[in-house]
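Asks: Residue numbering for the sequence shown is 858 to 1541, as defined by our numbering.
Beta carbons are placed, not taken as given, at the ideal position from N, Cα and C, and that holds for glycine.
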Amino acid sequence: MGTFSRRSILGFALAIAISISVVAPPLGEVAKGEPTAPTARDRYITMELLRLLSREHISRRPFDNELASRAVDLFLQMLDPWKLYFYEKDVQTFREVAPRLPEALARGDLAFPYQVYRVMIARVDERAALAEQLLQIEHDFTVDEEMIRDRKAQTYPRNEEEARERWRQRVKYELLTLKAEGTEGEAAREKLSRRYRTFAKRMHQMDDEELLEMFLTAVCNAYDPHSSYMSPSTLENFEITMRLNLEGIGASLQWEDGYTVVRELVPGGAAARDGRLKLGDRIIGVGQGLTGEIEDVVDMRLTDVVKRIRGPKGTIVRLKVVSPDNPEPRIIEITRDRIELREGEAQAEIFEVGQRPDGRPFRIGLIDLPSFYMDMEGARQGIPDYKSTTRDVARILMDFNNAGVDAVVLDLRRNGGGSLQEALALTGLFIEEGPLLQVKDAAGRVQPYYDTDGRALWKGPLVVVVSKFSASASEILAGAVQDYRRGLVVGDPATHGKGTVQSLVELGQLISPLLPLKMGAAKITVQKFYRPSGDSTQNRGVESDIRLPSLTAHLDVAESDLEYALEFDRVPPLEFRQYDMVNPAIIAELARRSAERVKNSPEFQRDMQRIERYLERKAQKKISLNEEKFMAERRQLDAEKEEEDLLQSMEETHRRKIKRDHYLNEVLNITADYLTIRLLAQRF
């Protein structure tokens, strides 16, 4: 149930979760303002990263001209994804530098990203001034004109005239969007003006560390979409996510028009227990201890404000706060504490569904698992009870056994991956022994990883629920369950398709292992993993046995949608004993019954109508700026918002609860049918 032979331990290699964003915003040490010049530290990081990529990346490929060209384009996409700021001539100038980049970066020369940033800032200021002008003119919303909505089809403006026309259309589009949402006239113009000023301000606030992280991540992404560079602050946030705890006040904050606003209080956290900090409060100053000077944080980057509020357990932070209903500032002293991020843990619930032959309902235990989390630092230090997905799920399974559940449903729809070590150990809770995974390195060596203890904590019927967001470590578990015929895989047609392993190398440890410097980390794709059957999940994912209608299946969020994703391949299959828990006949019958219910379900029929509208909208490469047509489209085909809402719900962990909606009901019905068929088979 999770004991592995010595040869099967991967240490701390990670099957890292998919990230919707290209690069996560870092927490700067201090707000330094605009980047000035690279330091000796930055140059060392760059040179060491390039050495690591050429030696450790699975491609074993030096940073050559082709990769440099990719890196340039990726960097520009990060800065200007909608091609609103750079001119075509700017981009051409940048691309001409690409052939010289390999040699320059090898010696730590970072002139290029600073050159690009300076041009970007100049263009941002130009466009902000232009937008202000365009907000003051009268727009004719009766004209039949269209704006390109597909960023891939968009080109960079060739001159000032084209840039002005593009921004005229954009301002017009955003005015129409605000009007559709109930804001128009002067209020809409002021809101857009604040939005453009805020973006310009945010670009001016970018510091050297953030610029370095963005550029070096572009360099890494040129190899594959999962290799990246993490600044020290981003690394800290990553470790918090993996161990599910931090030390601070327990508040979720957001940045609004220059203010840090309280979005949520973590239940049981220091701020929630204190009771004085409220949702919607604006934090305008932060002081350390009882006597430290309160520093003005208005217009400060959110990440820098968070850095000041976090701190060791038992220390005091003073917040200067303004409430929405009281403009008079007040001071709140809060003693920092250890915050357990329970929302990210495995959650469980038992449902009663269907009917046994004796009339009693089936009891089905559901486990909602958002990630394969693991306190890596605690594990390194040898702490016996370090935070672990496998330990949490094992406790749940023991509770299920004691409660006499008939089947277990493992919901991985929101699970983008995490610790590979945890994925293997957790898979071993359901499979008694045998190979769970194969891993191939850059030299082509294939190593199998076995569960060898001969025990499983749950031996009964198992259903794994997946979506296109189920990635990496989730696919290892789902693939093994399917190969062994240990249970059913239900959900989207296929999972995400990430079949690579990343190694996290803290660069400071390379210089000073005993007293590591804070230099961030390189996350490098070093291996590909394969199912016991020999198939990779890379670019294809794990195909579901039973498919359910869902908008997620149609979003462009799969591995195959990412630039420079590695190719699918196979290795020879391993020998293992399959279970008799499922077979093609059982799957076909369960799929038939499910399809009949879905056909007669008003909720699923509405889902299918939404999917149809979304696909129609997706196929349209342009959007009308005629008000009548625009409003009609918003009313009838608001699939874009449905996509945004869905993405937000898939990423959201705050106040996470297991929701028994029509989708989950169908999963439970499939499970009940599965149990019924098995009971009938056992009679003969």
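Can you tell me the Cα-Cα spacing of L1286 and E1432, whole angstroms?
Replies: Going by the C-alpha atoms only, they are around 20 Å apart.
Asks: Can we say the region 1083 to 1090 touches the region 917 to 935, given the rule of at least three CB pairs closer than 8 Å?
Replies: Verdict: no, contact absent.
Asks: Am I right that E913 and V1383 are in contact with their C-beta atoms under 8 Å? What's the rounded C-beta distance?
Replies: Indeed, because the Cβ distance is near 6 Å, the residues count as touching under 8 Å.
Asks: From the DSSP secondary-structure annotation, give me the bridge partner or partners of L1267.
Replies: BP columns for L1267 point to I1224 and V1321.
Asks: Assuming contact is defined by CB atoms lying nearer than 8 Å, are G1168 and G1105 in contact in what I supplied?
Replies: Taking 8 Å as the Cβ cut-off, G1168 and G1105 qualify as a contacting pair.
Asks: Alpha carbon to alpha carbon, how far is F920 from R1343?
Replies: Taking the straight line from one Cα to the other gives about 44 Å.
Asks: In this structure, how does DSSP classify L1364 when only helix, strand and coil are distinguished?
Replies: Correct three-state label for L1364: helix.
Asks: Nearest to S1401 by CA position, among L1447, K1029, A1337 and D1349, is which residue?
Replies: Checking every option, the nearest Cα to that of S1401 belongs to D1349.
Asks: Looking only at its chain, what residues have a beta carbon closer than 6 Å to the beta carbon of R1023, apart from the 5 residues adjacent to it on each side?
Replies: Answer for R1023: P1014, listed in chain order.
Asks: Here's a check: name, in chain order, each residue in its chain whose Cβ is nearer than 7 Å to the Cβ of G1365, leaving out the five neighbours to either side.
Replies: Taken in chain order, the residues that qualify are P1373, L1374, K1375 and M1376.
Asks: What's the gap between the Cα of D966 and the Cα of A1476?
Replies: Distance between the alpha carbons of D966 and A1476 is about 43 Å.
Asks: Compare the beta carbon distance of Q1395 and L1423 with 8 Å and say whether it is the shorter of the two.
Replies: In this structure, L1423 lies closer than 8 Å to Q1395 by Cβ.
Asks: Mark K946 as exposed unless 16 or more other C-beta atoms lie within 10 angstroms of its C-beta, in which case mark it buried.
Replies: Result: exposed.
Asks: Is E1113 helix, strand or coil by DSSP?
Replies: Looking at E1113 - three-state DSSP - the assignment turns out to be strand.
Asks: Can you tell which of A1442, G1398, V1439 and I1444 has its C-alpha closest to the C-alpha of D1426?
Replies: If we check each option's Cα against that of D1426, G1398 comes out closest.
Asks: With distances taken between CB atoms, is the gap from I1309 to A1282 smaller than 8 Å?
Replies: First, the amino acid is wrong: residue 1309 is Thr here, not Ile. Not a contact, by the Cβ cut-off of 8 Å.
Asks: Which residue marks the beginning of the alpha helix (DSSP H) containing G1336, and which one marks its end?
Replies: First-last of the alpha helix (DSSP H) with G1336: A1330 to D1340.
Asks: Run through the region 936 to 1021 for me and flag every whole alpha helix (DSSP H) of 4 or more residues, listed as ranges in chain order.
Replies: Within the region 936 to 1021, the complete alpha helix (DSSP H) runs of at least 4 residues are 945 to 954, 958 to 963 and 968 to 993.
Asks: Evaluate contact between the region 1122 to 1131 and the region 1213 to 1232, counting only Cβ atoms and requiring at least three cross-stretch pairs below 8 Å.
Replies: Cβ pair count under 8 Å is below three, so no.
Asks: Just checking, does the region 974 to 982 make contact with the region 1449 to 1460 on the three C-beta pairs under 8 Å criterion?
Replies: No, because fewer than three Cβ pairs between the region 974 to 982 and the region 1449 to 1460 fall closer than 8 Å, the two stretches do not touch.
Asks: What is the rounded straight-line gap between the Cα of P1181 and the Cα of Y1030?
Replies: Cα to Cα, P1181 sits roughly 31 Å from Y1030.
Asks: In or out: V1346 buried (at least 16 other Cβ within 10 Å) or exposed?
Replies: Buried, since its Cβ has 16 or more Cβ neighbours within 10 Å.
Asks: Just the Cα atoms here: how many angstroms apart are F1326 and P1389?
Replies: So the alpha carbons of these two residues sit roughly 22 Å apart.
Asks: Need the endpoints of the alpha helix (DSSP H) that S1451 sits in, please.
Replies: Element bounds for S1451: P1441 to K1456.
Asks: In this structure, how does DSSP classify E1289 when only helix, strand and coil are distinguished?
Replies: Three-state result, E1289: coil.
Asks: Is the distance from the Cβ of L909 to the Cβ of I1381 below 8 Å?
Replies: Yes, the Cβ-Cβ distance between L909 and I1381 is below 8 Å.
Asks: Within 10 angstroms of its Cβ, does G1142 collect 16 or more other Cβ (buried), or is it exposed?
Replies: Buried is the call here.
Asks: Under the rule that 16 or more other beta-carbon atoms within 10 Å means buried, what is P1429, buried or exposed?
Replies: It counts as exposed.
Asks: Given this structure, state the Cα-to-Cα distance separating E905 from D1298, to the nearest angstrom.
Replies: Approximately 21 Å, taken between the alpha carbons.
Asks: Which same chain residues, not among the five before or five after F1056, have their C-beta less than 8 Å away from its C-beta?
Replies: Here the set comprises V981 and A985.
Asks: Distance cutoff 8 Å, beta carbons only. Does L1035 sit that close to anything in chain B?
Replies: Looking at the structure shown, chain B is missing, and only one protein chain is on hand.
Asks: Starting from K1048, trace the alpha helix (DSSP H) in both directions and tell me its first and last residue.
Replies: Counting along the chain, the alpha helix (DSSP H) containing K1048 begins and ends at G1042 to Q1062.
Asks: Could you name the residues that DSSP lists as bridge partners for N1102?
Replies: DSSP, once it has assigned bridges, lists E1197 as partnering N1102.
Asks: Could you please give the first and the last residue of the uninterrupted alpha helix (DSSP H) stretch that includes K1475?
Replies: Taken as a continuous stretch (DSSP letters only), the alpha helix (DSSP H) holding K1475 covers P1459 to A1476.
Asks: Taking its Cβ as the centre, do 16 or more other Cβ atoms sit within 10 Å of K1478, making it buried, or is it exposed?
Replies: When all chains shown are included, K1478 counts as exposed.
Asks: Please state whether DSSP places Y1230 in a helix, a strand or coil.
Replies: Three-state result, Y1230: coil.
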